Structure formats: structure tokens, C-alpha cells
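Residue numbering for the sequence shown follows this note's numbering, starting at 3 and increasing by one per position.
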Amino acid sequence: MAIVLCIEDEAPLREIIVEELEDEGYDVLEAGNGREGLEMILRHHPDIVVSDITMPQMNGHELLLELRQNHPKFAELPFLFLSALADKSQVIEGLELGADDYLTKPIDYDMLLAKVKAGLRQSERVAEKQQRDQVKLFKALTNDASEAEAPLPKMSPRYVALVGASDKGLFDIQRLLEELGHKVSVFTSGSAYLRKVRTDGLKAHLTMLWVQTDDMQGPMIVRTTQNRYGAYVLVIPDTLSENMHNVRPNGVDEVIGLPMSEDELVRKIAQWTRQDLELSATG
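This is the structure in C-alpha cells:
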């Protein structure tokens with residue numbers, strides 16, 4: 003049975019939610035704030051999270067942002083926010099960060115159970131599609147698995163930002179970049195990336211934007227980004243029209259299509275980060 007994590011700082015309400023979910027047959031974990039919830043997620047890997055927004059130590063929005071930015075393994079974890087009727091602006095902010103749905107208080111428990119079931123079904127569909135995409139990209143990156151692995155070239159470490167929907171081969175590209183020695187930040191939410199640029203002055207040597215993130219289109223992100231720094235590359239998955247490969251939006255240095263061979267992608271990365279390649283020593 004699926005594991006549901008309930009994060010709610012009001013203990014009496016949390017107990018009722020847990021009881022309703024357990025009566026439905028779910029295994030339920032509890033947390034009293036976002037910080038505890040983060041620890042539970044990293045330790046127990048729940049299938050869906052039901053979370054309040056306003057909580058001490060770490061609120062629901064901060065928890066979701068932490069997961070989406072710094073724990074890409076949980077980028078597709080379904081999030082159902084609980085919100086008071088007067089907190090519409092909080093709901094909108096949560097949806098922009100990548101929340102899947104919300105439920106207003108006082109809670110309609112039949113609706114809660116229906117939304118949990120819907121979130122779990124969507125998660126299963128995303129997982130199946132993500133597995134198909136990863137197999138496809140893995141084959142393209144590794145070429146012939148029967149061949150001995152060629153050493154990856156040495157590169158001077160660069161800071162790379164990946165911005166895109168998490169079912170578009172994002173994490174395979176992250177793996178390759180990290181194996182090349184680069185520092186990588188992943189954003190599945192375009193608005194979260196833009197907020198990081200505005201508030202923290204994020205400057206990446208290379209920014210790879212997928213056509214679609216969980217909440218914005220890549221070209222719109224480029225247009226919205228002020229004081230751009232480094233190279234901007236738009237990534238087109240093979241599921242989209244071939245014609246898109248021939249269109250380069252303003253502010254984009256290059257448009258590439260996936261899948262792409264590992265050798266070609268490595269050469270491209272070196273070109274974008276402006277460095278010469280040196281083959282690693284083979285021993």
C-alpha cells in the first residue's frame with residue numbers, strides 16, 4: 003500500500019487526517035513541521051505528501067522549494083497543500099513552486115481521499131513515462147553498452163544550471179555533468195529558477211533550459227531573465243516537432259535536440275563552457 007506523509011503542526015487536526023488515511027488502508031507517516039517533514043521524506047521516501055503551508059521552522063513552500071532545487075530524486079513527489087480559505091495567495095505561490103493540488107480548510111475528508119488517490123495515479127503515470135525517457139536517453143548517451151567505456155575528458159569545474167520538467171531526461175544530463183566535474187543545480191520550476199536569479203544573483207557558466215518546465219516554458223524564462231550571464235542553451239526533446247530545432251529564440255545561444263550521443267554532448271559542453279578537452283589518464 004502507498005505511503006502517505008502528513009505534515010501538519012496542529013496535532014488534533016493531524017490525528018484526524020492520519021486516522022482517515024489509515025482507515026482507507028494507507029501507511030501514514032506524521033510530521034509536525036516542514037523540517038521534520040523533510041527528514042521523513044529523505045529517510046522513508048513516501049509516495050505522496052499532504053502538507054499544511056503555514057508551519058514553524060520550515061513552512062510548506064520552503065519544504066517544496068528545498069526538494070525541487072536540492073533533492074532532484076524527489077522532484078516528482080506529489081504534493082497536496084492544505085490551506086485556509088483566506089490564503090489564496092499562498093495557494094497560488096505553492097502551485098507556482100510545483101505543488102500538484104490543494105485542499106481548503108475545514109477539510110472535506112472525502113475530497114482529501116479523492117485527491118490523494120488522484121495524486122498517486124498521476125505519480126504512477128509520470129514514473130512510467132520517466133522510465134521510458136531515461137531508457138531512451140541512456141541508450142543514446144552510452145551508444146553501444148558492449149563497448150568498453152571510454153574515459154571522460156578532464157574539464158575545469160564550471161557551475162551549470164539545468165532548468166526543465168523532471169521527466170525530460172534532466173537527471174541523466176545532471177549525472178553526466180557531475181561526472182565531468184561540474185557543479186550542477188537543478189530547477190524543475192521556472193519561477194523558482196527566476197527567483198534564485200533575482201534574489202541570490204545566481205550566475206551559471208552554462209544554463210540548459212528545456213522547452214517546458216513544471217510551470218513555465220523555456221523561452222519565456224530566457225525573456226524574463228535580466229542581466230543574463232554565461233551561455234543559454236535550449237533543449238528540445240525528440241517528442242516535439244522537428245521544426246522547433248530550427249528556431250532560436252532571442253537570448254538563446256544554441257538549440258539542441260535529444261537524444262544526443264555522449265561524445266557529441268561532451269564536446270558541446272566544452273564549447274559552451276569555453277574550455278579545451280583533455281582526455282583523462284587511462285592509468
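Ideal Cβ placement from N, Cα and C applies to all residues, glycine included.
Note that the structure is predicted; figures quoted are calculated from it, not measured.
Per DSSP, reduced to three states, the secondary structure at D265 is helical.
Assigned with DSSP and collapsed to three states, D29 falls in strand.
DSSP lists V165 as the bridge partner or partners of F189. If only complete runs of 4 or more residues are kept, the segment 169-235 shows the alpha helix (DSSP H) at 172-181, 192-202, 220-226, in order along the chain. Taking the Cβ atoms as the reference, S187 lies roughly 12 Å from A77, outside the contact range of under 8 Å.
The beta carbon of Q219 sits closer than 8 Å to the beta carbons of G192, V213 from its chain, once the five residues preceding and following it are set aside; these are given in chain order.
A distance below 8 Å between beta-carbons, with the five flanking residues on each side excluded, links Y104 to the following residues of its chain, in chain order: L82, F83, L84, S85, V93, G96, L97. Proximity to P58 across T226, K75, I9, E21 peaks at I9, based on C-alpha coordinates. Residue pairing of E256 in beta bridges, as defined by DSSP: V235. Apart from the 5 residues on each side of it in sequence, V199 sits with its Cβ closer than 7 Å to the Cβ of T227 in its chain, given in chain order.
Looking only at A163, G171, L172, the smallest Cα-Cα distance to A206 is reached by A163. Annotated three-state conformation of L67 is helix, per DSSP. Taken through DSSP and simplified to helix, strand or coil, L79 comes out as coil.
Using a Cβ distance threshold of 7 Å, L23 and V30 count as a contacting pair. One alpha carbon belongs to E64, the other to A13, and they sit about 21 Å apart.
Cβ atoms of Y234 and G253 come within 8 Å of each other, at about 6 Å. A residue is called buried when at least 16 other Cβ atoms come within 10 angstroms of its Cβ; R225 does not meet this threshold and is exposed.
The bridge partners DSSP lists for K107 are A86. By the neighbour-count definition (other C-beta atoms within 10 Å, threshold 16), N72 is an exposed residue. Assignment of S125 by DSSP, reduced to helix, strand and coil, places it in the helix class. Per DSSP, the unbroken beta strand (DSSP E) holding I5 starts and ends at 5-9.
Put simply, the backbone Cα of P261 is about 11 Å away from that of D174. DSSP places S91 within a helical segment (H, G or I) once states are collapsed to three.
Excluding five sequence positions before and after E256, the CB atoms of its chain that fall closer than 7 Å to its own CB belong to V235, given in chain order. As computed with DSSP, I50 is found in a beta bridge with V6. Secondary structure at R16: helix, using DSSP grouped into helix, strand and coil. If you ignore the 5 residues before and after G121, its C-beta comes within less than 7 Å of the C-beta of I50, P80, L82, D102, D103, all in its own chain and listed in chain order.
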